[in-house]
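Working notes, structure below.
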Amino acid sequence: MTRIYIMGHWILTLLSGPLILILKKYLLDFDTRNTIEFLEIYPIMIIMGFMFSIPTYLFCILIFNSIEDKNIKINYAKISFILIIIIGIWITTFIISGTLWFDIAVSYSISAITIGFFFKSDFKLPSQT
Numbered sequence: 001m002t003r004i005y006i007m008g009h010w011i012l013t014l015l016s017g018p019l020i021l022i023l024k025k026y027l028l029d030f031d032t033r034n035t036i037e038f039l040e041i042y043p044i045m046i047i048m049g050f051m052f053s054i055p056t057y058l059f060c061i062l063i064f065n066s067i068e069d070k071n072i073k074i075n076y077a078k079i080s081f082i083l084i085i086i087i088g089i090w091i092t093t094f095i096i097s098g099t100l101w102f103d104i105a106v107s108y109s110i111s112a113i114t115i116g117f118f119f120k121s122d123f124k125l126p127s128q129t
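Just so you know, full-length UniProt numbering puts the end of the sequence shown at 129, numbered straight through with nothing missing.
Here you go:
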């Protein structure tokens, strides 16, 4: 799993997680005023998401740097990566808590799963190099 994959996943998850939250709130509340308020705080959500996600992504980089010489299939590596990210999302949002923690965790988890499976990885087995 390359660092480019991990960084790309991180950036796209940070950008799309709040958008999924905004979309969910709009579809359930049908109140455009709340949607506009969420769009106003979108940059703040990205900055806070970045700060709170640093430990999880550093942990992922550490794990995948330590196993990059192992013979692991790309599907297993992606699933492991996504599971680590989702666990990190839920732990972080639970620690932060607040009124929207569950909705935030769900929206970032959906984002992480979707991006994780559709984002191309350049993970190579040692025999392929």
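Just so you know, even glycine gets a beta-carbon here, dropped at the ideal spot from N, CA and C.
Between Ser16 and the rest of its own chain, which residues show a CB-CB distance below 6 Å, the 5 nearest in sequence each way excluded? Only Ser111 meet the Cβ criterion.
What is the C-beta distance between Ile89 and Tyr108, in whole angstroms, given that I count them as a contact (C-beta under 8 Å)? Their Cβ separation, rounded to whole angstroms, is 5 Å, which keeps Ile89 and Tyr108 in contact under 8 Å.
Hey, Ile82 and Thr56: beta-carbon distance below 8 Å or not? Against a cut-off of 8 Å, the Cβ pair of Thr56 and Ile82 comes out as no contact.
With 16 other CB atoms within 10 Å as the buried threshold, where does Met51 fall? Met51 comes out exposed.
Under the three-state DSSP convention, the category Ile71 falls into: Residue 71 is actually Asn in this sequence, not Ile. DSSP places Asn71 outside both helix and strand once states are collapsed to three, so it counts as coil.
Have a look at Arg33 and Lys78 and give me their C-alpha separation to the nearest angstrom. Linking Arg33 to Lys78 through their CA atoms gives a straight-line distance of about 38 Å.
Going along the chain, which residues of its own chain have a beta-carbon closer than 7 Å to the beta-carbon of Leu125, five neighbours each way excluded? Note on Leu125: pLDDT 43, under 50, position unreliable in the model; the coordinate value appears next. The answer, listed in chain order, is Asn71.
Reducing DSSP to helix, strand and coil, say where Lys120 ends up. In the three-state DSSP reduction, Lys120 falls in the coil class, being neither helix nor strand.
DSSP state of Leu100, grouped into three classes? Correct three-state label for Leu100: coil.
Tell me the DSSP secondary structure of Thr92 in three-state form. When DSSP states are grouped into helix, strand and coil, Thr92 belongs to the helix group.
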